[in-house]
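Trainee: Take this structure first; my questions come after.
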Ligand SMILES: NC(=O)c1ccc[n+]([C@@H]2O[C@H](COP(=O)([O-])OP(=O)(O)OC[C@H]3O[C@@H](n4cnc5c(N)ncnc54)[C@H](O)[C@@H]3O)[C@@H](O)[C@H]2O)c1
């Protein structure tokens, strides 16, 4: 099935979160008519000023766009609010990005994960059941691969051993979505994102918090002596991937038993080109100097401390992005030099 977005009503939860806001900005550029709804609680997990900044950018972009934009502030865990929204707006395509993100935060704030990621996602599924949609796309995470050492990470791998509550909620989302796809024939696609970064990103993530530490003259700690490899995915690549996937809902088909064959799929979105952490930090520092965040005579060696592996750390993680390439003709390709340059320039402009 092909879903053409023009003239449609598209709901993006978790906008103006980082990924959501960038997706909405792209939709405002691409869609010829229709309506885009951003739904977000604007919680204070990180500085809400960044969310207001992104929302202001969306509002500005909406002025010149052919599609209409509506922002609704609300909580996914509030079933009445979610049902009211679906009843009023009848979205045809839903992209659920709202969630409590972050692995470390789940140690002290487990309630937030159950509320947003389990109850909130359940409300979205129920709303999609009662107000039928053409496609539900939802954020999963590379963290579902847990401590797996088999690389690249493939969606064919067994992922039954989450090592954080966050990962457990994301894997649960995939299971819940499968059951709703099977029971109610709702086309669902889950996307496992691999470390997304870019301008106006999330301050709780390494590249952002490291930049803040370095800008304040501090020293950053690099584990396993920098010999970790990660798939870092630039935000524009993530948005391109979501946009393509949104338009390619799994087909509704009936099995021999007369029941739906669950129209449910899961993809990785990562470049499949892992970067060495030490190299990533070196490029980040160079770009921060070039953007004027760090002084020209900045002493790189003096501001990084190389230490051993942390318990639970996995040395190499990256995506098998073959299925995304096969089904949507797309693999993320923006490199860390270009991506970190855009981040460093934004950081300089925003924080001065
Ligand atoms: N950024 C990454 O590297 C990454 C990696 C893997 C998965 N993901 C997933 O992608 C999605 C988007 O991530 P992001 O980086 O943009 O995070 P983000 O924190 O910037 O955006 C999430 C948004 O959801 C909102 N939200 C949280 N709980 C809510 C609730 N109960 N009701 C309404 N709104 C709520 C927050 O206010 C926030 O604006 C999340 O589901 C996240 O788990 C992100």
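In my numbering, the protein residues as written are 241 to 592. We treat Cβ as the ideally placed atom computed from N, Cα and C, and that holds for glycine.
1. Spatial neighbours of residue 241 within its chain, please: C-beta separation below 6 Å, excluding the five flanking residues on both sides.
2. Can you give me the Cβ contacts of residue 528 inside the same chain, cut-off strictly under 6 Å, excluding the 5 residues immediately before and after it?
3. If you pair each beta-carbon of the segment 290–305 with each one of the segment 336–348, do three or more pairs fall below 8 Å?
4. How far does the beta strand (DSSP E) with residue 507 in it extend, from its first residue to its last?
5. List the residues that DSSP assigns as beta-bridge partners of residue 275.
6. Quick one: residues in its chain with C-beta nearer than 8 Å to the C-beta of residue 545, no 5 flanking neighbours on either side, listed in chain order?
7. Could you check which residue in 500, 589, 477, 518 has the C-alpha nearest to that of residue 578?
8. Taking 6 Å as the limit between beta carbons, can you name the residues of its chain near residue 540, skipping five residues before and five after?
9. Return yes when at least one heavy atom of ligand 1 lies under 7 Å from the C-beta of residue 280, else no.
10. Return yes when the Cβ of residue 343 is within less than 8 Å of the Cβ of residue 380, no when it is not.
11. If you measure from the CB of residue 464, is any heavy atom of ligand 1 nearer than 7 Å?
12. So what's residue 241 in DSSP terms, helix, strand or just coil?
13. In terms of residues, what are the limits of the alpha helix (DSSP H) holding residue 479?
14. Could you check if residue 400 is buried or exposed, using at least 16 other CB atoms within 10 Å of its CB as the buried criterion?
15. Using a Cβ-Cβ cutoff of less than 7 Å, which residues in the same chain neighbour residue 564 once the five nearest sequence positions on both sides are dropped?
16. Should residue 494 be labelled buried (16 or more other beta-carbon atoms within 10 Å of its own) or exposed?
17. Taking Cβ to Cβ, would you say residue 357 is nearer than 8 Å to residue 409?
18. Do the CB positions of residue 568 and residue 436 come within less than 8 Å of each other?
19. Go ahead and label residue 547 buried or exposed: buried means 16 or more other beta carbons lie within 10 angstroms of its beta carbon, across all protein chains shown.
20. Can you grab the Cα-Cα spacing for the pair residue 252 / residue 334, in whole Å?
21. Alpha carbon to alpha carbon, how far is residue 402 from residue 348? Give it in angstroms, no decimals.
22. Please give me, in chain order, every unbroken run of the beta strand (DSSP E) with length at least 3 that falls completely inside the segment 521–570.
23. Runs of 4 residues minimum, wholly inside the segment 406–479: which ones carry the alpha helix (DSSP H) assignment?
24. Under the DSSP definition of a beta bridge, which residues are partnered with residue 313?
25. Using DSSP with H/G/I as helix, E/B as strand and the rest coil, what is residue 500?
26. Could you check whether residue 280 and residue 332 sit closer than 8 Å to each other, using their CB atoms as the reference points?
27. Taking 7 Å as the cut-off, does the CB of residue 317 come closer than this to any heavy atom belonging to ligand 1?
28. What are the partner residues of residue 376, as DSSP defines its beta bridges?
29. Residue 378: buried (16+ other C-beta within 10 angstroms of its C-beta) or exposed?
30. Does the segment 383–400 come close enough to the segment 441–455 that 3 or more CB-CB pairs lie under 8 Å?
Mentor: Reading it off the structure:
1. In this prediction, residue 241 scores a pLDDT of 45, lower than 50, which makes its location untrustworthy; the coordinate-derived value is nonetheless stated afterwards. 489, 491, listed in sequence order.
2. For residue 528, same chain residues with a beta-carbon under 6 Å away, outside a window of 5 residues either side, are 534, 584 in chain order.
3. No, because fewer than three Cβ pairs between the segment 290–305 and the segment 336–348 fall closer than 8 Å, the two stretches do not touch.
4. It spans 504–509 - the beta strand (DSSP E) in which residue 507 sits, taken as one unbroken run.
5. According to DSSP, which records beta bridges pairwise, residue 275 is partnered with 249, 308.
6. Within the same chain, residue 545 has close Cβ partners 459, 460, 461, 462.
7. For the residues 500, 589, 477, 518, the minimum Cα distance to residue 578 belongs to 477.
8. Excluding residues up to 5 positions away in sequence, 525 lie with their Cβ nearer than 6 Å to the Cβ of residue 540 in the same chain.
9. Checking the Cβ of residue 280 against ligand 1 gives yes.
10. No.
11. Residue 464: no, Cβ never under 7 Å from ligand 1.
12. Note that residue 241 scores a pLDDT of 45, beneath 50, so its modelled location is shaky and nothing firm can be said.
13. First-last of the alpha helix (DSSP H) with residue 479: 475–486.
14. Around the C-beta of residue 400, fewer than 16 other C-beta atoms lie within 10 Å, and the residue is accordingly described as exposed.
15. Here the set comprises 481, 507, 508, 509, 570, 571.
16. Here residue 494 is exposed: its Cβ has fewer than 16 other Cβ atoms, across all protein chains shown, within 10 Å.
17. Taking 8 Å as the Cβ cut-off, residue 357 and residue 409 qualify as a contacting pair.
18. No, these two residues do not count as a Cβ contact at 8 Å.
19. Only exposed fits residue 547, as fewer than 16 other CB atoms lie within 10 angstroms of its CB.
20. When rounded, the distance between both Cα atoms is 6 Å.
21. Rounded to whole angstroms, residue 348 to residue 402 spans 17 Å at the Cα level.
22. As summarised for the segment 521–570, the continuous beta strand (DSSP E) elements at least 3 residues long and confined to that stretch are 544–546, given in chain order.
23. Scanning the segment 406–479 for uninterrupted alpha helix (DSSP H) segments of 4 residues or longer gives 446–455, listed from N- to C-terminal end.
24. Looking at the DSSP assignment, residue 313 forms a beta bridge with 280.
25. Note: residue 500 maps to strand in three-state DSSP.
26. Not closer than 8 Å, so no.
27. At least one heavy atom of ligand 1 is nearer than 7 Å to the Cβ of residue 317, so yes.
28. In the DSSP output, where bridge partners are listed per residue, residue 376 has 334, 428.
29. Its Cβ being crowded by 16 or more others within 10 Å, residue 378 is buried.
30. With a cut-off of 8 Å, the segment 383–400 and the segment 441–455 do not count as touching, because too few Cβ pairs lie within range.
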